[in-house]
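Read through the structure below, which is laid out as structure tokens, and then see the notes.
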Amino acid sequence: MRKAIWILLLAGVNSSATAAWVKVGQDENVTTYVDPATIRKTDNIVKMLALFNYTNKRFYASMKVQTEYNCKKYESRGLSLSYYSEKMGEGQMVNNESTYLEWVPVSPGSVDEALWEIACKKNKN
């Protein structure tokens, strides 16, 4: 029984430690990463997890965002946001929001466009 409890506890270790974050881009305020293993496609809709590390620490140092991308309509919408006290989604989760935001067009030249391209390119038919 004790062994089973330890296995369950170890399985619950922070997923950031096991995520294979790939750097997408960086500017003076934020570095953006994605975990390609989180890409999931249903028809023309792709879900993907991104991580944002902030240069200037606010009440959080990093944020994970679960986003849906519409590969046909060139749109995206946020599904959930989790804010962390340390870089790379580490430390304490200081806030968590789950909401289905409205679909918005992807802005050319934006980080959202870079993320859309990763999500949709990997899943082109």
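Under the working numbering, residues 183 to 307 are what the sequence shown spells out, in order. We treat Cβ as the ideally placed atom computed from N, Cα and C, and that holds for glycine.
Sort out for me which residues DSSP pairs Lys246 with in a bridge. Leu233 and Ser264
N-terminal and C-terminal residue of the beta strand (DSSP E) that Asn211 is part of: Where Asn211 is concerned, there is no enclosing beta strand (DSSP E), given that its DSSP letter is neither H nor E.
Reducing DSSP to helix, strand and coil, say where Ala296 ends up. helix
Please say whether Gln248 and Ser262 have beta carbons closer to each other than 7 Å? yes
Mapping the DSSP letters down to three states, classify Lys223 as helix, strand or coil. strand
Using DSSP bridges, identify the partner residues of Val276. DSSP lists no partner for Val276.
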